[in-house]
Amino acid sequence: MGDQGEVWTLRRFGDDGELLARLVVKDGAFPWLYARIEELDGFGAVRALLESYDDEGDSSYLAVRNAVALHYPDGARVPEFLLRVDGQEARWRWSDEPFDNDDDLDEEVDP
Numbered sequence: 001m002g003d004q005g006e007v008w009t010l011r012r013f014g015d016d017g018e019l020l021a022r023l024v025v026k027d028g029a030f031p032w033l034y035a036r037i038e039e040l041d042g043f044g045a046v047r048a049l050l051e052s053y054d055d056e057g058d059s060s061y062l063a064v065r066n067a068v069a070l071h072y073p074d075g076a077r078v079p080e081f082l083l084r085v086d087g088q089e090a091r092w093r094w095s096d097e098p099f100d101n102d103d104d105l106d107e108e109v110d111p
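One point on numbering: in UniProt numbering, the residue at position 13 of the sequence shown is 13, and numbering is uninterrupted.
Structure representation (structure tokens):
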């Protein structure tokens, strides 16, 4: 799942891949991981988007996915993820495989 203390990273989506934050895992409750956010300079530009995630529609999901990329502790990019930010806390679930269609978004969206 994810070990306490592991560091996942959040990067700007796209060519530059600017490192925005380190997500230090505190806990996990399948299928979610919970982390403390260590913000870097560019995080402020995406904070409002990440905090305003709307469970009611796919447009928020797509906006987040077009703005940021989540990376495993080994540095590889996570193919699919749902990320929530609340203050200095983050929680996310992920898939090692890309979602086949939008139906995958409807399953257990929020803990």
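Built from N, CA and C at the ideal position, the CB exists for glycine as well.
Cβ of residue i within 8 angstroms of Cβ of residue j?
{"i": "G42", "j": "E18", "result": "yes"}
{"i": "V85", "j": "R36", "result": "no"}
{"i": "L10", "j": "L70", "result": "yes"}
{"i": "V68", "j": "F30", "result": "no"}
Would you please state the rounded distance, in angstroms, between the beta carbons of residue i and residue j? I believe it to be under 8 angstroms.
{"i": "W8", "j": "L23", "result": "4 angstroms"}
{"i": "S59", "j": "Y53", "result": "Their Cβ separation, rounded to whole angstroms, is 10 angstroms, which puts S59 and Y53 out of contact at 8 angstroms."}
Do you know whose CA, among the options, lies nearest residue i's CA?
{"i": "R91", "options": "S59, A69, E38, V25", "result": "V25"}
{"i": "E39", "options": "H71, E89, P31, R65", "result": "E89"}
{"i": "E80", "options": "D3, G87, D100, L49", "result": "D100"}
{"i": "D27", "options": "R11, Y72, D3, L50", "result": "D3"}
{"i": "Y34", "options": "E51, F13, G5, A67", "result": "G5"}
Can you grab the Cα-Cα spacing for the pair residue i / residue j, in whole Å?
{"i": "R93", "j": "D15", "result": "24 angstroms"}
{"i": "A63", "j": "L82", "result": "12 angstroms"}
{"i": "V78", "j": "D96", "result": "7 angstroms"}
{"i": "R65", "j": "P98", "result": "12 angstroms"}
{"i": "G87", "j": "D74", "result": "26 angstroms"}
Going by DSSP in three states, residue i sits in which element: helix, strand or coil?
{"i": "F13", "result": "coil"}
{"i": "A67", "result": "helix"}
{"i": "D3", "result": "coil"}
{"i": "G44", "result": "helix"}
{"i": "E38", "result": "strand"}
{"i": "E18", "result": "coil"}
{"i": "E97", "result": "coil"}
{"i": "E107", "result": "In this prediction, E107 scores a pLDDT of 46, lower than 50, which makes its location untrustworthy; the coordinate-derived value is nonetheless stated afterwards. E107: coil per DSSP, three-state reduction."}
Is residue i close to chain C, meaning its C-beta is less than 8 angstroms from at least one C-beta of that chain?
{"i": "W8", "result": "The structure shown contains no chain C; it is built from a single protein chain."}
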